[in-house]
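**Q** Here it is: the structure, laid out below.
Protein chains: 2
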Amino acid sequence: MPGKASPKHVDPRVKRTRRLLREALVGLILEKDYAAISIKEITTRAEVAYITFYRHYESRDQLLMEVLDEGLADLRVHIDRLAKQSDEVALETEGRLIFEYIQQHADLFRILLKSQSVARIRSRVVRTIATTYQKSCAPLERVGDRTTVSLATHHIATSLLSLIEWWLEHDRHPSPTEMGKVYKSLIIDSTLRAVGALSASSV
Amino acid sequence: MPGKASPKHVDPRVKRTRRLLREALVGLILEKDYAAISIKEITTRAEVAYITFYRHYESRDQLLMEVLDEGLADLRVHIDRLAKQSDEVALETEGRLIFEYIQQHADLFRILLKSQSVARIRSRVVRTIATTYQKSCAPLERVGDRTTVSLATHHIATSLLSLIEWWLEHDRHPSPTEMGKVYKSLIIDSTLRAVGALSASSV
DNA sequence: CCGTTTTGTTATTCCGTGTAACAATCATGA
DNA sequence: TCATGATTGTTACACGGAATAACAAAACGG
């Protein structure tokens, strides 16, 4: 993680202010369209002076990034933990666990999907998920062709996000167990089979 | 198409103004971020008075809708024409034709994908494509389960958009012929196979 | 407790939105 | 062709948010 060094003891006022601003933004995103949220609205809800926002962030997007980075780091840990078991545990179970996790963190995912409307953030999330699968999915590692791997991981990442979006929009109707089956057959199995067919015919 | 009746003879000044505004927006979207485009910028480039914009559109998004509706109507005609041949022509060829079409209309698709950052517009585009496949894809019509069909068409639509995005970002590197193979195996074949497996196990 | 840092208050500048009134221009049919 | 209605341009205005500046008040940390 390239960036500024993280000092051990941050001023408690700074920690508090940043937390209040993050919480305010999260609340607002769940209530209304992200594009319609003003800095003033954020600071008012956070019970913080207007200028204080600019003392910590350059823009609304930067604050959103910080919020999502926290959530994605958590998600990544979760997926990585699952990936280590992927040889033993069936893919169907892996899928079920993913959707159970989403169910428990529905708010985070609503924010994540809502903020897909910000192009930069969307591509960042896609890249994060794609990288995770590239590292964790053994069959993909064995494919030599870089283009095919790029295509496949991109497809998996966007398809998974799309599937999650569809699920949340349908009030999480099919159970996580059923969604696990969908995840396995529609996303993972399908992609791996297609990758096999494509690398055989040398794309 | 529900809406206001379309009179045969529109005032030429109105036609001209709306065309100028559309062209100005298209040019601007190709140059910079959609969110950063102001009404003033649009009217200035269109060489039209500021207030004239509001005499024709309620918002920037509405103008963008009009731009995309034109392009999507064209695309839809193209896809429908392909669909009618889909029994005779192989899916691989259908995919090749789609990507050749995209290559010829790269600007339109760049705009379409860029404007995905507007949530409302994105879901509208997804719905349009999904509906097209629902009507034209024979194997999907035979599936009784409405949830599965909804899931499958949504998956096809978002996957296709995602694939197009990936392709344009990679400078249209694999040829349309190769992309046709990808389209067939990664999107259509995969989805249909998965749908078969899922409806068999009754999702 | 005192110096440092952070936060709050107030004011200011700039820019975009959206509306209104009136003048000028254009289109069209009698 | 020319009179009438519709469209466009010009100017002005109110409103709100973005972003910055200067100074006062409060809180931290040693």
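In order, the protein sequence lines correspond to chains A and B.
Just so we're aligned: 43 in numbering that gives the first Met the number 0 is position 44 of the first sequence, and the numbers increase by one with no gaps anywhere.
Just so we're aligned: 32 in numbering that gives the first Met the number 0 is position 33 of the second sequence, and the numbers increase by one with no gaps anywhere.
Cβ atoms here follow ideal geometry from the backbone N, Cα and C, with glycine treated the same way.
Suppose contacts are defined by Cβ-Cβ distances below 8 Å. Is L20 (chain B) in contact with V47 (chain B) by that definition?
**A** Start at 1 with the first residue of the second sequence, and residue 20 (chain B) comes out as number 21. Start at 1 with the first residue of the second sequence, and residue 47 (chain B) comes out as number 48. Going by C-beta atoms, L20 (chain B) is nearer than 8 Å to V47 (chain B).
**Q** Using beta carbons (cut-off 8 Å, strictly below), is L63 (chain A) in contact with chain B?
**A** The residue labelled residue 63 (chain A) in the question sits at position 64 within the first sequence. No, L63 (chain A) lies away from the interface with chain B (no Cβ there is under 8 Å from its Cβ).
**Q** Any idea what DSSP makes of S174 (chain B), helix, strand or coil?
**A** For the purposes of this step, residue 174 (chain B) is taken as residue 175 along the second sequence, with counting starting at 1. Coil at S174 (chain B), not helix or strand.
**Q** Less than 8 Å between the C-beta atoms of T157 (chain A) and S161 (chain B), yes or no?
**A** Counted from its first residue, the first sequence places residue 157 (chain A) at position 158. Counted from its first residue, the second sequence places residue 161 (chain B) at position 162. Result yes, Cβ atoms of T157 (chain A) and S161 (chain B) sit closer than 8 Å.
**Q** By the DSSP assignment, the alpha helix (DSSP H) with H154 (chain B) in it spans what residues?
**A** Walking along the second sequence from the start, residue 154 (chain B) turns up at place 155. Where H154 (chain B) is concerned, the enclosing alpha helix (DSSP H) stretches over 145-168.
**Q** Unbroken alpha helix (DSSP H) runs of length 4 or more, entirely within the segment 43-70 of chain B: which are they?
**A** 49-53
**Q** Which same chain residues, not among the five before or five after K180 (chain B), have their C-beta less than 6 Å away from its C-beta?
**A** Reading the second sequence from its first residue, position 181 is the one you call residue 180 (chain B). When the five nearest sequence neighbours on each side are left out, the beta carbons in the same chain lying within less than 6 Å of the beta carbon of K180 (chain B) are those of E91, in order along the chain.
**Q** Name, please, each residue of chain A whose Cβ falls closer than 8 Å to the Cβ of S161 (chain B).
**A** Sequence index remark: in the second sequence, residue 161 (chain B) carries index 162 (1-based). Ordered by position in chain A, the residues that pass the 8 Å Cβ test against S161 (chain B) are H153, H154, T157, S158, S161.
**Q** Please confirm if K180 (chain B) has its CB atom under 8 Å from at least one CB of chain A.
**A** Here residue 180 (chain B) refers to the residue found at position 181 of the second sequence. At least one chain A Cβ lies under 8 Å of K180 (chain B).
**Q** Starting from T190 (chain B), find everything on chain A with Cβ-Cβ shorter than 8 Å and list it in chain order.
**A** Translated into the one-based positions of the second sequence, residue 190 (chain B) becomes position 191. The answer, in chain order, is L185, S189.
**Q** Would you mind stating whether V117 (chain B) and Y33 (chain B) have Cβ atoms separated by less than 8 Å?
**A** If you number the second sequence from 1, residue 117 (chain B) lands on position 118. If you number the second sequence from 1, residue 33 (chain B) lands on position 34. Yes, they are a contact pair.
**Q** Starting from the C-beta of F108 (chain B), find all residues in its chain whose C-beta is less than 7 Å away, skip the five residues before and the five after it, and write them out in chain order.
**A** On the second sequence, residue 108 (chain B) is found 109 positions in, with the first residue counted as 1. Hits under 7 Å: I101, I163, L167.
**Q** Could you check if H169 (chain B) is buried or exposed, using at least 16 other CB atoms within 10 Å of its CB as the buried criterion?
**A** Position 170 of the second sequence, counted from the start, is the residue given in the question as residue 169 (chain B). Classification for H169 (chain B): exposed.
**Q** Can you list, in chain order, the residues of its chain with a C-beta nearer than 7 Å to that of G70 (chain B)? Leave out the 5 residues immediately preceding and following it.
**A** Here residue 70 (chain B) refers to the residue found at position 71 when the second sequence is read from its first residue. So the qualifying residues of the chain are L107, L111.
**Q** So, is E57 (chain B) buried or exposed, given that buried needs 16 or more other C-beta atoms within 10 angstroms?
**A** Counting from one through the second sequence, the residue named residue 57 (chain B) turns up at place 58. It counts as exposed.
**Q** Report the neighbours of S116 (chain B) on chain A: residues whose CB is nearer than 7 Å to its CB, in chain order.
**A** To locate residue 116 (chain B), count along the second sequence from 1; it is residue 117. At a beta-carbon threshold of 7 Å, the residues of chain A lying near S116 (chain B) are S116, V117, A118, ordered along the chain.
**Q** Measure the C-alpha to C-alpha separation of I78 (chain B) and R95 (chain B) and round it to an integer number of angstroms.
**A** For this step, residue 78 (chain B) is matched to residue 79 along the second sequence. For this step, residue 95 (chain B) is matched to residue 96 along the second sequence. One C-alpha to the other measures close to 12 Å.
**Q** Got a sec? Which residues, its chain only, sit under 8 Å from L81 (chain B) by beta carbon, not counting five neighbours each side?
**A** In the second sequence, residue 81 (chain B) corresponds to position 82, counting from 1. The answer, listed in chain order, is V88, E93, L96, I97.
**Q** Closest to A193 (chain B) by C-alpha separation, out of A:I187, A:A196, A:L197, would be which residue?
**A** In the second sequence, counting from the first residue as 1, residue 193 (chain B) sits at position 194. With distances taken between Cα atoms, A193 (chain B) lies closest to A:I187.
**Q** Taking 6 Å as the limit between beta carbons, can you name the residues of its chain near G2 (chain B), skipping five residues before and five after?
**A** For the purposes of this step, residue 2 (chain B) is identified with residue 3 of the second sequence, where counting begins at 1. Reliability fails at G2 (chain B), whose pLDDT of 38 lies under 50, so the model's placement of it is uncertain and the value that follows must be treated cautiously. Nothing listed; no residue qualifies.
**Q** Below 7 Å, is the gap between the Cβ of A72 (chain A) and the nearest heavy atom of the ligand SAH?
**A** As for the ligand SAH, it is missing from this structure, which has no ligand bound.
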